[in-house]
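Notes follow the structure.
2 protein chains.
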Amino acid sequence: MTTSKAPVLALSGGVGGAKLAAGLASVLPPERLQIVANTGDDFEHLGLYIAPDLDSVMYALAGINDRARGWGVANESWNFLETLTRLNGANWFQLGDRDLAVHVQRSELLRQGLSLSETSQNLCEALGIKHSLFPMSNDRVCTMVDTEQGELEFQEYFVARQCEPKVHGFRFEGQASATPLPAYYSSLTANTYQAVIVCPSNPFVSVDPILGLANVRQVLGSLQVPVAAVSPIVGGKALKGPAAKMLQELNMPCDALGVARYYQGVISHFVIDEQDAGLAGEIESLGMQVLCMPTIMRSVSDQSQLASTLLHALTREPA
Amino acid sequence: MTTSKAPVLALSGGVGGAKLAAGLASVLPPERLQIVANTGDDFEHLGLYIAPDLDSVMYALAGINDRARGWGVANESWNFLETLTRLNGANWFQLGDRDLAVHVQRSELLRQGLSLSETSQNLCEALGIKHSLFPMSNDRVCTMVDTEQGELEFQEYFVARQCEPKVHGFRFEGQASATPLPAYYSSLTANTYQAVIVCPSNPFVSVDPILGLANVRQVLGSLQVPVAAVSPIVGGKALKGPAAKMLQELNMPCDALGVARYYQGVISHFVIDEQDAGLAGEIESLGMQVLCMPTIMRSVSDQSQLASTLLHALTREPA
Chain Z
516 MTTSKAPVLA LSGGVGGAKL AAGLASVLPP ERLQIVANTG DDFEHLGLYI APDLDSVMYA
576 LAGINDRARG WGVANESWNF LETLTRLNGA NWFQLGDRDL AVHVQRSELL RQGLSLSETS
636 QNLCEALGIK HSLFPMSNDR VCTMVDTEQG ELEFQEYFVA RQCEPKVHGF RFEGQASATP
696 LPAYYSSLTA NTYQAVIVCP SNPFVSVDPI LGLANVRQVL GSLQVPVAAV SPIVGGKALK
756 GPAAKMLQEL NMPCDALGVA RYYQGVISHF VIDEQDAGLA GEIESLGMQV LCMPTIMRSV
816 SDQSQLASTL LHALTREPA
Chain L
516 MTTSKAPVLA LSGGVGGAKL AAGLASVLPP ERLQIVANTG DDFEHLGLYI APDLDSVMYA
576 LAGINDRARG WGVANESWNF LETLTRLNGA NWFQLGDRDL AVHVQRSELL RQGLSLSETS
636 QNLCEALGIK HSLFPMSNDR VCTMVDTEQG ELEFQEYFVA RQCEPKVHGF RFEGQASATP
696 LPAYYSSLTA NTYQAVIVCP SNPFVSVDPI LGLANVRQVL GSLQVPVAAV SPIVGGKALK
756 GPAAKMLQEL NMPCDALGVA RYYQGVISHF VIDEQDAGLA GEIESLGMQV LCMPTIMRSV
816 SDQSQLASTL LHALTREPA
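Just so you know, the sequences run in chain order Z and L. Numbers 516 to 834, taken from our numbering, label the letters of the first sequence in order. Numbers 516 to 834, taken from our numbering, label the letters of the second sequence in order.
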């Protein structure tokens, strides 16, 4: 049972998804929005638990993300990494001095016995975030990338090898036995969300880890409320990251249509950028409604505008 | 059996001792000097193994210590700590961004199975240090401070409570079963050092942890070569740290004489500052030779000068 005051659920990966998540948080009060972040990219590095997507969304929600660099914390410095490099330490993962504090503190809280979702709540509160940000699960799921160079852990593929190896497929280690976080999963199965929004994140490595938990994909496909995905591909290119390269290597159309097909059966609405308006007909023939709007978020104001336009289209509430 | 080419052994605590250790390294070639640092102050913090005295000596040897602040690394920044504070993390121990890299890398090397002395060698090599720097032991020894407020771990006493609680005594947890590092202990028991120098460090919490390992104190007391201690107390005041306050609270003379008495039976030579020349007679009556020279090290050149003057006095070699 949904009401117009029911919350919206946003599923997000890292940077691109985080922008829309922050936009949604700027136009919806805390009780009207829940955000779930992918944790398939999480990994241990130098003894630290690192949750890149949770962090990206958290930084965006707190307004302390570095917009110019496109990832990490604003006003960052790199003296830790510079010194670590001098010490011949593992410097392939870029750890800024401020960002590092999040990893150290999250790891400390985990050692103290908090669950991942509790650490997230703790850190978000400290940063003044009022909206709910959940990890997709408190259980470990590891995204493994099957490539021409063998199977690689996600960060090894993404950072260390810079997405260079050609991709054959993906495997989400631990997913079969991982429990979706009850904080959102119970609402999802009880159908109490007003709408679900899949943020413009990589379908393969950011969204699939979430959709593949328990029966999340099937539940989304059977909901009577709008389930909308925003295309991370605009004009045939990924706004950020390897999504376009992956579509090509997996022999899928490298455009918004390819993404729409991939979400067929799960979503009711697909959001494309105005410059992809020409694909609307073909996407509609997949059995989904197409929403066409400016989707490129260069500024905080763009984020809010997209969130507002999208919510209005999905819920018929005033933008 | 010692020869004039035999190495000198220096025992050091943190900052004050590190200055003389660096001075000795500036006038002796690597094969002529071995430095042993106290590890009784080592502790675990935020999941990191931190060895403050080893680090202080290492930074001084590498010439990257912050002379103005008096501890830590030069050209330091504090963005990690600032962010950790915002996250309500444990910020009572001052962790600079560069210093943190040492703790993270040392902890990583320990997890990889290296011993503490191997991590020290690894880090020193990376920093271009040619002289040997050893932890006093690869076994954990924890300095516990018995105070009017109960027994405190050293860092709790030193940093968190800023040496405020009145001291009754000390206990070195693990010392009885700890093995002195063979790299220096075997040379010590074989009497192959040309001289031993106890750097100007706190006798109670920096030097005693080393002297109390196995029979190190007894071996030093029986050596036929010079065993010299440099007073950390000048003009009745500690140059740095709580040594003077501890002497008072333990009802010992709060001057160089008090320190000399404390080392009676262990050392053959006691080095006092020129301004304490008046104490020479009383100290000599304890059965040790007194060397009187400028001992305050304000600059790198002061460090070298003290090292040079002291070595000349002990070994009769040209300064």
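Cβ coordinates follow ideal geometry from the N, Cα and C atoms, glycine included. All values reported here derive from a predicted model rather than from experimental measurement.
query, result
"Pairing CB atoms from the stretch 808-818 of chain Z with CB atoms from the stretch 744-756 of chain Z, are three or more of them under 8 Å?", "yes"
"Give the residues from the stretch 621-633 of chain Z that approach chain L closer than 7 Å (Cβ to any Cβ), ordered along the chain.", "S622, E623 and R626"
"What does D509 of chain L touch in chain Z if you count any residue whose Cβ is under 7 Å from its own?", "Since the displayed chain L opens at 516 and closes at 834, residue 509 of chain L lies outside it and no answer follows."
"If you reduce the DSSP assignment to three classes, tell me which class R813 of chain Z lands in.", "coil"
"Does T694 of chain L pass the burial test, meaning 16 or more other C-beta atoms within 10 Å, or should it be called exposed?", "exposed"
"Jot down the residue ranges of each uninterrupted alpha helix (DSSP H) in the stretch 538-590 of chain L, minimum 4 residues, whole runs only, in chain order.", "567-577"
"What is the residue span of the alpha helix (DSSP H) that Q804 of chain L lies within?", "Per DSSP, Q804 of chain L belongs to no alpha helix (DSSP H); it is in the beta strand (DSSP E), Q804 to M808."
"Apply the 10 Å Cβ neighbour rule to G727 of chain Z and answer buried if 16 or more other Cβ atoms are within range, or exposed otherwise.", "buried"
"Nearest CA to the CA of K534 of chain L: which residue from L:S652, L:L596, L:K755 and L:T704?", "L:K755"
"Strictly under 8 Å for the Cβ-Cβ distance: is V617 of chain Z near chain L by that measure?", "yes"
"Look up A744 of chain Z in the DSSP assignment and give the residues it is bridged to.", "Z:V713 and Z:F785"
"Pick from L:G780, L:A743 and L:S692: whose alpha carbon is nearest that of S716 of chain L?", "L:A743"
"Would you identify the three-state DSSP class for F608 of chain L, choosing helix, strand or coil?", "coil"
"Could one say the Cβ of M516 of chain Z lies closer than 8 Å to chain L's Cβ atoms, at least one of them?", "Any reading at M516 of chain Z is ruled out, since the residue's pLDDT is 41, under 50, leaving its predicted position unreliable."
"According to DSSP, is A691 of chain Z part of a helix, a strand, or is it coil?", "coil"
"Are the CB atoms of V781 of chain L and L825 of chain L within a distance shorter than 8 Å?", "no"
"Going by other Cβ atoms of all chains shown within 10 Å of its Cβ, with 16 needed for buried, is R584 of chain Z buried or exposed?", "exposed"
"Got a sec, what are the start and stop residues for the beta strand (DSSP E) P680 of chain Z sits in?", "Note, P680 of chain Z: premise wrong, no beta strand (DSSP E); not H, not E."
"Could you please tell me which residues of the stretch 641-652 of chain Z, in chain order, have their CB closer than 8 Å to any CB of chain L?", "A641 and L642"
"Any idea what DSSP makes of A753 of chain L, helix, strand or coil?", "strand"
"Answer yes or no: do V731 of chain Z and L703 of chain Z have a C-beta to C-beta separation smaller than 8 Å?", "yes"
"Is the distance from the Cβ of D612 of chain Z to the Cβ of N594 of chain Z below 8 Å?", "yes"
"Going by the CB atoms, is the gap between S622 of chain L and L696 of chain L shorter than 8 Å?", "no"
"Among the residues of its own chain, which have a CB less than 7 Å from the CB of W586 of chain L, if the five just before and after it don't count?", "V530 and S571"
"Indicate whether L524 of chain Z and Y777 of chain Z have their beta-carbon atoms separated by less than 8 Å.", "no"
"Identify, in the order they occur along the chain, each residue of the same chain with its Cβ nearer than 7 Å to the Cβ of H646 of chain L, setting aside the five sequence neighbours on each side.", "A540, P545, L548, I550 and L576"
"If we call anything under 8 Å between Cβ atoms a contact, is S737 of chain Z one with G532 of chain Z?", "no"
"Can you check whether the CB of V542 of chain Z is closer than 8 Å to the CB of A822 of chain Z?", "yes"
"Could you tell me if S783 of chain Z is buried or exposed, where buried requires 16 or more neighbouring beta carbons within 10 angstroms of its beta carbon?", "buried"
"Any idea if E789 of chain Z is buried or exposed, counting beta-carbon neighbours within 10 angstroms, 16 or more meaning buried?", "exposed"
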